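These notes are about the structure you will find just below.
There are 2 protein chains.
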Amino acid sequence: MSNASGHGFEREGRRFRIDDPRAMPHASSFLWNRRMMVQVTCRGFATAQFMQPEPAKYARAPVLEARSFMQPEQPTYAHHPGRFCYVRDDEDGTLFSLPYEPVRALPESFAFRADVDAVSWRIGHLGLVFEWRLGLPADDIAELWTLRVRNRCGRTRRLSLYPYFPVGYLSWMHQSACHRADLGGIVCSSVTPYQKVEDYFVQRDFMDRTVLLHANAPDAWDANQAAFEGEGGLHAPSAICDAELLGGRVADYELPAAVLQYRIVLDAGASHEERFVFAPARDDAQVLALRKKYLDDGEGFDKAATDYGTYLSHGRGCIDIRTPDGWFDAFANQWLPRQVYYHGDANRLTTDPQTRNYLQDHMGMAYLQPATARAALLRALSQQGADGAMPDGILLAEGAQLKYINQVPHTDHCVWLPVFLQAYLDETGDVALLDVPVVDGDGHAASVAERVDAAMHWLLSARDARGLGYIAQGDWCDPMNMVGYKGRGVSGWLTLATAHALRLWAGIRARHGGEAVAAPFAEGARACNAAVNAHLWDGDWYGRGITDDGVAFGVHTDAEGAIYLNPQSWAMLSGAADEAKRARMLAAIEARLVGPHGVAMLDPPYTAMREDVGRLTQKFPGSAENGSIYNHAAAFYLHALYASGDADRAWRVLRAMLPGPDADDLLRRGQLPVFVPNYYRGDWRGHPRTAGRSSQLFNTGTAAWLYRCLIEGLFGLRGEAEGLRIAPCLPSHWHEASVLRRFRGASIEVHMRRIAGTDGMSVRVDGAVLETPLLRDIVAGGHYRVDVALPG
Amino acid sequence: MSNASGHGFEREGRRFRIDDPRAMPHASSFLWNRRMMVQVTCRGFATAQFMQPEPAKYARAPVLEARSFMQPEQPTYAHHPGRFCYVRDDEDGTLFSLPYEPVRALPESFAFRADVDAVSWRIGHLGLVFEWRLGLPADDIAELWTLRVRNRCGRTRRLSLYPYFPVGYLSWMHQSACHRADLGGIVCSSVTPYQKVEDYFVQRDFMDRTVLLHANAPDAWDANQAAFEGEGGLHAPSAICDAELLGGRVADYELPAAVLQYRIVLDAGASHEERFVFAPARDDAQVLALRKKYLDDGEGFDKAATDYGTYLSHGRGCIDIRTPDGWFDAFANQWLPRQVYYHGDANRLTTDPQTRNYLQDHMGMAYLQPATARAALLRALSQQGADGAMPDGILLAEGAQLKYINQVPHTDHCVWLPVFLQAYLDETGDVALLDVPVVDGDGHAASVAERVDAAMHWLLSARDARGLGYIAQGDWCDPMNMVGYKGRGVSGWLTLATAHALRLWAGIRARHGGEAVAAPFAEGARACNAAVNAHLWDGDWYGRGITDDGVAFGVHTDAEGAIYLNPQSWAMLSGAADEAKRARMLAAIEARLVGPHGVAMLDPPYTAMREDVGRLTQKFPGSAENGSIYNHAAAFYLHALYASGDADRAWRVLRAMLPGPDADDLLRRGQLPVFVPNYYRGDWRGHPRTAGRSSQLFNTGTAAWLYRCLIEGLFGLRGEAEGLRIAPCLPSHWHEASVLRRFRGASIEVHMRRIAGTDGMSVRVDGAVLETPLLRDIVAGGHYRVDVALPG
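Chains as they are written, first to last, in numbering that gives the first Met the number 0: chain A, 0 to 791; chain B, 0 to 791.
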């Protein structure tokens, strides 16, 4: 147990906790299963989505919301969706609410606890101790809430408990709500609006109800938001403050709400428990099935918790670590693989993930569930175009369509095929995958290897006369949508990424196809590197690209956006940069991109739109990507640093990707280290107040890369065809570290220790010294102990 | 001055007022000009839109809102957009807010006043009297706010005034806010999100700023919503309650807000005034132009008020009435023509009005600004299809597109051409319009008359073998989208409406083209009527239609939706119904559709979707159209009743379309009689609690029809080719009424009086008895006095 500093944050084993709801108001954790996700803040606000098959919500804002992707730094407000429980002392009328909103009465003690399998609060106030806890089922779309109260004050108490689940504006076509005694809960009904006949047939089976089901019948209820609030408002609802009992008021084309009242008498020392299910449903039958499974069966919640634990265990990581940094251990052992698993199993709760994201997310999944990663690659390749190009998004559900950003042409999707395969093959040794035939939408069959060949040839073909890759309306960087929309602009990063992909693929093809097959790819890689060196080396770093009108950008003469991180990282990976260039790049990165909160994606931040570059420049300082520490880019840089053994620099970059460990850093980030966010605000010179702040968004390719960097970089436990290569890259201030590495079915216990006065690394396996640090002939089911002595 | 009943509603001349913000929380008034609209509730919530060219908002919800049409019965909530002013007594810290939200401290006196040219509050509290007033400019997109406070308590007071204008969630791409001393106000900046390059070029000139400009520099300010609220929340913001001065905090990719603080010392009897402009703007230059025009010039607000009065005067109605019903007079003289003007001048703030709505709105405009109505008809006809069909919407702006419901094929649009023309020609005598050539999108020119001929032929052709008109995915009734989507379903109403349109057109064509040209239309009308009589007379009323699968609906054997109002009304207009049928229909309407709050559109209300009828049936009882008193349909019925001289029945229908005059009715409707809403909830048997409640939506074809019914029906002052026909249809309990009728440039003073014991009507003009009640040879600029003696 280590207390951060008395600021109210604690790590309790694998759990993180917050002791003050005011200090980090937006700090959150999230739970998910394959069909739903719910993110909950320490103050009780919640954002939940489920798939039907497109993402939908069962609790919404009090206004018609736009359908959009999850937004970063989403503000909260009094009527933001949340899960609350008002508590009234029926003797003196004192009112407060769990966990903190909506009343905002500061309790005597407060603990928001983020566990891997639950979110809970433990709150002490006025001689009472409450537990308010959310769990999820493994399969169903439902929130399982438990409320416990214990009387610790030495005398009998009379209380009213009011679970309050706002439901929001469900539909202009129809919305209503009432208590249904026969179903055992409040049922909010709605009809998703449609105007075109064809939409009707899609929507008629939607789960358009939102229900709050109870195990025990309440003493009273309200289902009408306005009637519940009255003139008192959310912080002091008239239905609670002005009346003994809730009014039993229905909503009838009015804003629904779900409020229950339990009047309890609690003897000294006694406790009371209630259970609730909050969920979407289609009809009475679905509601009844939920109540039967979770409420009528007294063990329903316990069974669900067991099942959910089993579900999570299927996403267990491939390393368990112990290092001198306990916070980091908790993150690496529990939270990071969990986030990787979320991406790979729930696919960010979208039906059309960007191809780039899908392949990288499943690159992460290769370390948890190789079979799932494998299937994802096959699915992606089945949607490859006849010309070898990959589409902008991978459709996962019947009837799914490319939406939003996936309607904007990007040119980098093919790059991620060899990147995925390198990691997947290293981890699994499953070379048979390369020969698996894949049938595409036209009915054409080709093996995985042939399809990747085609993708690589497409990349090579999509270059201009200089050999630089066309960017169209974006590459990895979505907002860069005006560089090449006229068809001429090129991307320096993409050309380097193409070179890296070609090199990886040439390496794979040399082993599985032969040198003759590999040669054109190796040659292509050289050509790409040469083109970038010829046209985009800017003296101290690589430029980002050249616009339709021939203007190089991301170069030192630019007043804004003069240097971008990605081209430098990938020039290190692709082999474009020689040692001299590499040294200059690293110096430039340190001087210009490294700040107190991490490594920025570009600098200086744009202050105005650049019409030849694109959307990015509209994201003014302090907003989203612009000038931010974009962790996905930081992770590429990290990968490149580990590839070159730059241990201490890498550790600094890595550690800055996580909040903490000190309380000041946590406060500034405003986030617990239970996920790595897609960005932190970065513009510490221009916007010092908000620099470092987390986006609170856990959808990010960062998770997979960061996990890969830990496994293969930091701990240097990377697979290859013959076995496990051992090449740790620990920061110099770590004197030891232990890793339990799960690899191809074996358990490998690795103990790393610095031995003062030694020079090189030595590796012993079960006591015997290894000549080369490669553990071969690994047997599935086997246990190995590896001792690594590192220079001290 | 007549007080409704002590419930807190008053009419002061042409102004309506509410004395308690709790009694009718959603009661509202609205102001508009051609570029913007703002609807304000008595509690201070506001919904505003402006055109750029599509409707946009400069103050929004705290969450990303969907772009949608204006929604009925829109709920409010703490963070709903509004315009407020907190007031803190700097001696004792007492806090309240104008007008009522967000603090909700009930003031000692409260008056919300809806004037035709302003919305204002007069509020007395703690010895102070406040006025909080909104006016609009005639042309600019800006709200002009005045705050006045007078000290009436006999001692010096120290106060802080905090105008607070929430701005909401502007954009995920960029949002920020700060005070700009150089511009004299708080400037909230944003970038409307775009992902596709082509959108950039549309959006880059958007007015993406929201500004609150002040005449006098404040003592302090805040521009960050969360920082302003703190832990206190909107009802007790920490920035006010915990600090002497606002903190000057900016928003930086955070929720913006505009809050100012004025610390004033007010001697006994003294007063203080501040002025503010709240508006969208594109850049500094636009902001400076606003401040120069309205704030730097001390008379800017006064000039704007004068100009806005001039603007409104261009929409003056064509009748000024005095009747025994004072509330009705105020409505008819000021509010109804104002609503008609809004529709005709601002076109409901849409760039693609439904063709049906556009033609009916401009039918109303014929009584206010015939030239505008004329131009609208020509614009509509210029978008006619080559086959004579009218499109689903009329595009008003360059680049506008058919949206929402206009992407769903409806088949009634042609009907409204003769309906419009009949009213327009009656009012103006402008038969020259019929020969005006109109060039369509294909470059084809044809006269108005020829185009209407083509439209009528299209209607005749779009019928099945029985002679009934195809409904496709809707006719007048949008939600009836599944009756005929397979291409076979027919509409009884549409067939009757076609008959009526053909009869009208045959009449016009007989005078302007000759009997031979008119004959096919007259014959078509007879055929349509005959078809409906053959296939849809149900014994006591006309059925609504026959589905794709041959099922007649809106018939007595239907358990739900057995009778619809529209087919009955239009059978009366089209001549389909003979006297016997008419008597049966009227009896059925009285028995089944007339309820305590008006005439319902259908009965019994649907309780579930009927998959062969459509969207309507998803609107469960108590929601929107289903089972409601849909005023547009009630107005058709009213028109039909006046056409047949059914004076008392008509008056009952008419009066039920307006809230009041008694306080109980106002409370139930929840609306002031400053506009006629599109519906009231109607299901008084099934949903008594909410029956009668207003939609609060003032976009409705009702306004034009109701105004027409007053002019031509109730007061019987209808134009025809030779002059003004006089045929009043006053309710029997009115003993007299006076009307000043403006007609073709003349002023005609009409005094109607019942003379006991007389039998027929007699009409004198300037003292001379008229043989037939037709005032001929009217000279523009002339004044006439008409005395009408009615049977007593």
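Just so you know, even glycine gets a beta-carbon here, dropped at the ideal spot from N, CA and C. Note that the coordinates shown come from a computational prediction; the quantities given were computed from them, not determined experimentally.
Under the Cβ criterion (8 Å, minimum of three pairs), the region 654-666 of chain B does not count as touching the region 572-590 of chain B. Rounded to whole angstroms, the separation of the alpha carbons of Gly229/A and Asn223/A is 10 Å. Counting along the chain, the unbroken alpha helix (DSSP H) around Trp415/A starts and ends at 415-427. Between Ser67/B and chain A, the shortest Cβ-Cβ separation is below 8 Å. The straight-line gap separating the alpha-carbon atoms of Ala496/A and Arg581/A is approximately 16 Å.
Just measuring C-alpha positions, the residue of Ala396/A, Arg465/A, Ala509/A sitting nearest Gly491/A is Arg465/A. Residue pairing from DSSP places Ala445/A in a beta bridge opposite Val437/A. Sequence-distant partners of Pro52/A (beyond 5 residues in either direction) whose C-beta falls short of 6 Å from its own C-beta, in its chain, are Thr350, Ala396. Scanning chain A for C-beta atoms nearer than 8 Å to the C-beta of Gly232/B yields Ala77, Arg103, His234, reported in chain order. Against Ile404/A, the close residues of chain B are Gln194, in the order they occur along the chain (beta-carbon pairs closer than 8 Å).
Contact note: Pro74/B reaches chain A through Pro61, Val62, Tyr168, Gln224, Ala225, Glu253, Leu254, using a C-beta cutoff of 9 Å and chain order. Apart from sequence neighbours up to five positions away, the residues of its chain that approach Val554/A with a beta-carbon distance below 7 Å are Asp537, Gly542, Ala561, ordered along the chain. Less than 8 Å divides the Cβ of Gln472/A from the Cβ of Val407/A. At a cut-off of 8 Å, the C-beta of Arg281/A has no neighbouring C-beta in chain B. Straight across, the Cα-Cα distance linking Pro98/A with Gly92/A is about 19 Å. Around the beta carbon of Asp765/B, a 10 Å sphere encloses fewer than 16 other beta carbons of the protein chains shown; the residue is thus reported as exposed. Ser460/B has no beta-bridge partner at all, per DSSP. Interface with chain A (8 Å Cβ-Cβ cutoff): Met479/B is excluded. When Cβ-Cβ separations below 8 Å define contact, His782/B makes no contact with chain A. For Trp492/A, not one C-beta of chain B is nearer than 8 Å to its own C-beta. Distance check between Glu719/B and each of Val675/B, Val749/B, Asp682/B, Leu774/B places Leu774/B closest, using alpha-carbon atoms only. For Val196/B, the enclosing alpha helix (DSSP H) begins and ends at 196-202. Secondary structure note for Trp144/B: its beta strand (DSSP E) is the uninterrupted segment 142-150.
The bridge partners DSSP lists for Val190/A are His173/A.
One Cα belongs to Arg692/B, the other to Phe109/B, and the distance between them is close to 23 Å.
Taking 8 Å as the cut-off, the beta carbon of Pro71/A is found no closer than this to the beta carbon of Pro165/A. By the beta-carbon neighbour count (other beta carbons within 10 angstroms, threshold 16), His443/A is exposed. For His456/B, no chain A residue has a C-beta closer than 7 Å to its own C-beta; the minimum C-beta separation is roughly 27 Å. Interface annotation, Trp171/A: in contact with chain B, CB-CB separation under 8 Å. Between the alpha carbons of Ala576/B and Ala498/B lies a distance of about 12 Å.
Residues of the region 418-452 of chain A whose Cβ lies closer than 9 Å to any Cβ of chain B: none. Contact annotation, Pro336/B with Leu367/B: C-beta distance approximately 6 Å; criterion of less than 8 Å satisfied.
In the three-state reduction of the DSSP assignment, Ala216/B falls in the coil class. Annotation note: the region 237-269 of chain B contains the following uninterrupted beta strand (DSSP E) runs of length 3 or greater, listed N- to C-terminal: 255-265. Rounded to whole angstroms, the separation of the alpha carbons of Ala702/A and Val339/A is 6 Å. Closest in C-alpha terms to Leu420/A, from the list Arg347/A, Gln400/A, Ile393/A, Leu501/A, comes Leu501/A.
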